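Heads up, the thing below is written out as structure tokens.
Numbering (this note's numbering), first residue to last: -10 to 354.
Structure representation (structure tokens):
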């Protein structure tokens, strides 16, 4: 009897000894991720609290505990390793949702994936679900149903992700800043994406905004740059440049929520996630019907088809919202009509409680 017990003890000792380095490695990985969260937190704090107000977050990324230029990454790569699926880290979606669910921001990886934006066309898609995925999150019920039927995965609509974000500013500071800025327009222009180059006449848009600013007595204009795009030349000197940083910034959505809450209206020239977010936080949307050229020649044939289908569906939805291609320079979006048209994609009426959201992220959808 003594021999089997001794053998069992030796085996147990060997297993424990072999697992100690793994445990230490996991601990190092978690510490590294927590350090990155804190580093980005300091970056966005500086950007949004500096005076004068210039909320331009640097587009560098934290890689192996060092700040490096974003060019060190592949076009769709995040250096974060908080979750198994790399794309859930884009725009800090995993952080915002786990925080709202009351779950640790860094810990055991969870069996979920998510759409890190909104697709309107049924042929459009982000990442295909992997075998371990138990919940595939999106914003609206139409997309959730599409995920279920297309991939036979647990597609779950959780409503606009922006509703789970928080302003970076304390209430008193935010109110003070709003008084300093006065009536403010937030401009979110069309931007490039992977393998797609979008071109439009920036000076035309600037002129339209300046005219509207004078006519409607706006005091400030915030021009929000996308992390891939340089701001256009010729911006008025008193306009405020903003940027939420690279999409690896885990506080990206908090930055976006802050800009929206500081603004009185949003100017857009294309339909996208930003329009739904503005509607979700009850900000009026002004549309500038610009001619936008979309060059997809760098994409594969499959993606060219997807991009074209997506562009056509967006045009159809804009018409359904009452927008005119050759109408006034800036057209006010009817919020009731717009929410009705976009509800299937954004799920404006959906809000998950913390326990419900925690269950979804843990694969209990």
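A virtual CB, placed ideally from N, CA and C, is assigned to each residue, including glycine.
None of these values were measured; they are calculated from a predicted model.
Take the Cβ of residue i as the centre, count every other Cβ of all protein chains shown within 10 Å, and call the residue buried at 16 or more, exposed below.
{"i": "residue 202", "result": "buried"}
{"i": "residue 174", "result": "buried"}
{"i": "residue 107", "result": "buried"}
{"i": "residue 233", "result": "buried"}
{"i": "residue 183", "result": "exposed"}
{"i": "residue 74", "result": "buried"}
{"i": "residue 57", "result": "exposed"}
{"i": "residue 271", "result": "exposed"}
{"i": "residue 64", "result": "exposed"}
{"i": "residue 357", "result": "The chain is shown only over -10 to 354; residue 357 falls outside these bounds and no answer can be derived."}
{"i": "residue 398", "result": "The first residue shown for the chain is -10 and the last is 354, placing residue 398 beyond what the model contains."}
{"i": "residue 72", "result": "buried"}
{"i": "residue 269", "result": "buried"}
{"i": "residue 149", "result": "buried"}
{"i": "residue 168", "result": "exposed"}
{"i": "residue 325", "result": "exposed"}
{"i": "residue 22", "result": "buried"}
{"i": "residue 121", "result": "exposed"}
Quick one: what does DSSP say residue i is sitting in, helix, strand or coil?
{"i": "residue 55", "result": "strand"}
{"i": "residue 13", "result": "Legend: pLDDT at residue 13 = 48, less than 50; position of this residue unreliable, value from coordinates given subsequently. In this structure, residue 13 counts as helix in the three-state DSSP scheme."}
{"i": "residue 136", "result": "helix"}
{"i": "residue 42", "result": "coil"}
{"i": "residue 229", "result": "strand"}
{"i": "residue 157", "result": "coil"}
{"i": "residue 309", "result": "helix"}
{"i": "residue 352", "result": "coil"}
{"i": "residue 152", "result": "helix"}
{"i": "residue 223", "result": "coil"}
{"i": "residue 107", "result": "coil"}
{"i": "residue 147", "result": "coil"}
{"i": "residue 182", "result": "strand"}
{"i": "residue 78", "result": "helix"}
{"i": "residue 63", "result": "coil"}
{"i": "residue 198", "result": "helix"}
{"i": "residue 337", "result": "coil"}
{"i": "residue 302", "result": "helix"}
{"i": "residue 296", "result": "helix"}
{"i": "residue 250", "result": "helix"}
{"i": "residue 332", "result": "helix"}
{"i": "residue 20", "result": "helix"}
{"i": "residue 342", "result": "coil"}
{"i": "residue 326", "result": "helix"}
{"i": "residue 203", "result": "helix"}
{"i": "residue 36", "result": "helix"}
{"i": "residue 218", "result": "coil"}
{"i": "residue 239", "result": "coil"}
{"i": "residue 290", "result": "helix"}
{"i": "residue 130", "result": "helix"}
DSSP has residue i in a bridge; who is on the other side?
{"i": "residue 282", "result": "188"}
{"i": "residue 102", "result": "125"}
{"i": "residue 96", "result": "Residue 96 is not bridged to any residue."}
{"i": "residue 31", "result": "Beta-bridge pairing links residue 31 to no other residue."}
{"i": "residue 175", "result": "211 and 255"}
{"i": "residue 320", "result": "276"}
{"i": "residue 142", "result": "Answer is none; residue 142 lacks a bridge partner."}
{"i": "residue 50", "result": "57"}
Quick one: measure Cβ to Cβ for residue i and residue j, integer angstroms, because I've assumed they're closer than 8 Å.
{"i": "residue 295", "j": "residue 113", "result": "5 Å"}
{"i": "residue 350", "j": "residue 92", "result": "6 Å"}
{"i": "residue 210", "j": "residue 228", "result": "5 Å"}
{"i": "residue 281", "j": "residue 187", "result": "6 Å"}
{"i": "residue 103", "j": "residue 80", "result": "No, residue 103 and residue 80 are not in contact; Cβ-Cβ is about 10 Å, not under 8 Å."}
{"i": "residue 89", "j": "residue 336", "result": "Wrong, their Cβ atoms sit about 15 Å apart, outside the cutoff."}
{"i": "residue 257", "j": "residue 221", "result": "With a Cβ gap of about 16 Å, residue 257 and residue 221 do not count as contacting."}
{"i": "residue 154", "j": "residue 85", "result": "5 Å"}
{"i": "residue 278", "j": "residue 314", "result": "5 Å"}
{"i": "residue 299", "j": "residue 110", "result": "4 Å"}
{"i": "residue 78", "j": "residue 237", "result": "7 Å"}
{"i": "residue 195", "j": "residue 223", "result": "6 Å"}
For residue i, report the span of its alpha helix (DSSP H) as first-last.
{"i": "residue 164", "result": "160 to 170"}
{"i": "residue 265", "result": "262 to 269"}
{"i": "residue 84", "result": "82 to 90"}
Could you pull the start and end residues of the beta strand (DSSP E) that residue i belongs to?
{"i": "residue 276", "result": "274 to 276"}
{"i": "residue 114", "result": "Segment: none, residue 114 is in no beta strand (DSSP E) and carries neither H nor E."}
Would the beta-carbon of residue i be found less than 7 Å away from any heavy atom of the ligand SAH?
{"i": "residue 341", "result": "For the ligand SAH, the structure offers nothing, since it holds no ligand at all."}
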